[in-house]
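FYI, the UniProt record's numbering numbers position 26 of the sequence shown as 26, with every residue one higher than the one before it.
Backbone N, C-alpha and C fix where the C-beta goes; we use that ideal spot for every residue, glycine too.
Values in this document were obtained by computation on a predicted structure and should not be read as measured data.
Single-structure report; data block below.
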Amino acid sequence: MKIVIFNPKDSFSQKLQDQLSSLGQVTYTKDRETLPLDTLLDMAKGADIVGCDPDPLGGFEKAKEKLSAIINSLPNLKGVCLSTTSFGWIDLDLCKKRQIPVSNVPGYSKESVAEQAIAFILGASKRIFVSDRRTNQGKYFLDLGFEVRGKTLGVIGLGSIGSATAKLAKGVGMKVIAFNRSPKKMAGVTMVSLEKLLEQSDFISLNTTHESANDNMIGKSELNRMKKGVIIVNTVDRALVDEQAMAQALKSGQVDTYVYEGEDLIHTPLAGLENAIGFKGFAWYTKEALENLYKIFVGNVVALAKGKPQNLVSK
Numbered sequence: 001m002k003i004v005i006f007n008p009k010d011s012f013s014q015k016l017q018d019q020l021s022s023l024g025q026v027t028y029t030k031d032r033e034t035l036p037l038d039t040l041l042d043m044a045k046g047a048d049i050v051g052c053d054p055d056p057l058g059g060f061e062k063a064k065e066k067l068s069a070i071i072n073s074l075p076n077l078k079g080v081c082l083s084t085t086s087f088g089w090i091d092l093d094l095c096k097k098r099q100i101p102v103s104n105v106p107g108y109s110k111e112s113v114a115e116q117a118i119a120f121i122l123g124a125s126k127r128i129f130v131s132d133r134r135t136n137q138g139k140y141f142l143d144l145g146f147e148v149r150g151k152t153l154g155v156i157g158l159g160s161i162g163s164a165t166a167k168l169a170k171g172v173g174m175k176v177i178a179f180n181r182s183p184k185k186m187a188g189v190t191m192v193s194l195e196k197l198l199e200q201s202d203f204i205s206l207n208t209t210h211e212s213a214n215d216n217m218i219g220k221s222e223l224n225r226m227k228k229g230v231i232i233v234n235t236v237d238r239a240l241v242d243e244q245a246m247a248q249a250l251k252s253g254q255v256d257t258y259v260y261e262g263e264d265l266i267h268t269p270l271a272g273l274e275n276a277i278g279f280k281g282f283a284w285y286t287k288e289a290l291e292n293l294y295k296i297f298v299g300n301v302v303a304l305a306k307g308k309p310q311n312l313v314s315k
């Protein structure tokens, strides 16, 4: 069996490397640098299983086209194992058509990402981000912040990360309401419609899945329903938000601050706006999360090789 891992070998502990090598021939990338399509196709030639990180394919926002080309080049492909929770960067329709199972890595970074979401909320409410920018420009002046205790946080998507975010928010005294497409219950959290959440929240945390159905789920009409001066944090993906509409909402004061993660932070209507705080995605990047990630990822590869795929997002 040939297994191609678009991830460097040194990402894996020796124990995990041994588990993979016991399955057959395993090929890794040298590092995380973006590779040209020809190189990726050459590496993947004859592969039975593809294990994939988005970085060698150009990152989340550019990976789908290259990954589709790789899948189409492999007539005997048994499955694809993603190294992320997000699966918006693979063409699931293509995989379903060919009956290729696709697995992801759920829940590996829930604490790390939840902590980041709360850090973003505190950083925005205490004016830490904006004050840092102004100070570096020699234009510092006092900007009145506010406490989060007693304020309402609306969590969109009450999965493992959303639930962890809600738990932490309650710990600092916030009232938490949530919207989830499928029925969900959590102690101390009031489930509401999306419309009610938009209208009642002082803060909104986007924690839903990144898939095409959720693209631009926060647009002009949703922004206009929100409280004036709302703070929004997005640790999922830029695609969830209509950035043209968000830019206008930030300029008008409808949205106080938008803190988000993404790949390309330059070619966006949000670039240059003082109250649009963009970071390269790193909420998941902690020691504990990485250990969980690679353990689950290798487990997915092993399960697929044995004909019992797990953590499926497509089959």
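Local Cβ density within 10 Å of residue i, reported as buried at 16 or more and exposed below that
i, result
"A114", "buried"
"L144", "exposed"
"P183", "exposed"
"Q14", "exposed"
"R238", "buried"
"D42", "exposed"
"K110", "buried"
"P75", "exposed"
"T190", "exposed"
"N104", "buried"
"L142", "exposed"
Helix, strand or coil at residue i according to DSSP, with G and I counted as helix
i, result
"M191", "strand"
"F60", "coil"
"K175", "strand"
"Q310", "coil"
"T209", "coil"
"V102", "strand"
"N7", "strand"
"L223", "helix"
"E199", "helix"
"F12", "coil"
"F279", "strand"
"L67", "helix"
"I218", "strand"
"L82", "strand"
"I266", "coil"
Inter-residue CB distance, residue i and residue j (contact presumed, cutoff 8 Å)
i, j, result
"L37", "M1", "Actually they do not touch by this definition, with Cβ atoms about 24 Å apart."
"G229", "E261", "So it is not a contact: roughly 22 Å between Cβ atoms."
"A249", "L223", "4 Å"
"V259", "F129", "7 Å"
Of the residues the options, the one placed nearest residue i, counting alpha carbons only
i, options, result
"I257", "D55, L273, L197", "The amino acid occupying residue 257 in the given sequence is Thr; Ile does not appear at that position. T257 has its Cα closest to that of L273, out of D55, L273, L197."
"N60", "V176, E211, M246", "The sequence shown places Phe at residue 60, not Asn. Of V176, E211, M246, the residue nearest in Cα terms is E211."
"N214", "S201, R225, D242", "D242"
"L240", "G51, E291, G157", "G157"
"M226", "N234, S160, G253", "G253"
"T286", "L265, V172, Q116", "Q116"
"K97", "G79, M174, Y140", "G79"
"S83", "A169, L77, V255, D53", "D53"
"V302", "V26, D93, A69", "V26"
"V4", "R32, L16, K45", "K45"
Within-7 Å CB hit, residue i to chain D
i, result
"V189", "The structure shown has no chain D; it contains just one protein chain."
Whole alpha helix (DSSP H) elements within the segment 123-160, 4-residue minimum: Whole alpha helix (DSSP H) segments, 4+ residues: 128-136.
Within the segment 233-258, ranges of the beta strand (DSSP E) (whole runs, at least 3 residues): Within the segment 233-258, complete beta strand (DSSP E) segments of at least 3 residues are not found at all.
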